[in-house]
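First up is the structure itself, then whatever we jot down about it.
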Amino acid sequence: MNLLRSLFILLFAAMVVSVLPVSAQSGKKRPEPRLIQLDPSASDSMDLFTGPPGTVTMRSGYMVLAPGKSVGKHSTRTYEEAVIVLAGSGEMKIAGGATIKLKPYSIAYCPPATEHDVVNTGTETLRYIWLVAKASR
67 MNLLRSLFIL LFAAMVVSVL PVSAQSGKKR PEPRLIQLDP SASDSMDLFT
117 GPPGTVTMRS GYMVLAPGKS VGKHSTRTYE EAVIVLAGSG EMKIAGGATI
167 KLKPYSIAYC PPATEHDVVN TGTETLRYIW LVAKASR
C-alpha cells in the first residue's frame, strides 16, 4: 500500500510539473512587462531586449544608420527577424535573392537561416527597430 501511495504521489507531482511554464519548472523568474523609451534624436544604436531573463527568446535593438552605411552581412541562423522602419530609407539585401525597399512605417521580414544586410540608401539617417525571436521548427 505504501508503494502504491508513493507511486501515486510521484505521478501526481510529475503531472503538476509538466503543466507549469518552463520558467516555473526551472525556478527562473518570468519576464516582467516594461517600457523602453526611444530617443528620436539619438545618434547611436542601442540594445532594447537582450533575451533571457528579460524575455523568453526575443532580442531587439534600435538601429541608427547614417547615409551610405550598412550593418554588414549577417545571418538570422535559428531566428526570424523583423525590421520596423521609423525614419529614413534603405534596403534589406537578401544574399542571392531579393532586395526589399525600406521606408518609414514599413516592416520587412527575414526568415530563419537567411544571410542579409541592411543599407541606408537615402540622404537622411535610417532609424529602425530590429526584432528577432527563436524560430521553432
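According to this note's numbering, the sequence shown is numbered sequentially starting from 67. Cβ atoms here follow ideal geometry from the backbone N, Cα and C, with glycine treated the same way.
- Within the same chain, and ignoring the five residues on either side of G134 in sequence, the residues whose Cβ sits closer than 7 Å to its Cβ are N186.
- With fewer than 16 other beta carbons inside 10 angstroms of its own, S107 counts as exposed.
- A179 sits in coil when the DSSP states are folded into three classes, being neither helix nor strand.
- Sequence-distant Cβ neighbours of K200 in its own chain, meaning closer than 7 Å and more than five residues away, are T123, T144 and Y145.
- Taking E147 as reference, the option from H182, Y171, L197 and G163 with the minimal CA-CA separation is L197.
- When the five nearest sequence neighbours on each side are left out, the beta carbons in the same chain lying within less than 7 Å of the beta carbon of D183 are those of S136, V137, G138, K139 and K159, in order along the chain.
- Around the beta-carbon of E157, 16 or more other beta-carbon atoms lie within 10 Å, marking it buried.
- Cβ neighbours of L104 within its own chain (closer than 6 Å, five residues either side excluded): Y128.
- The three-state reading of DSSP puts D110 in coil, since its state is none of H, G, I, E or B.
- Judged by their CB atoms, P177 and T142 are nearer to each other than the 8 Å cut-off.
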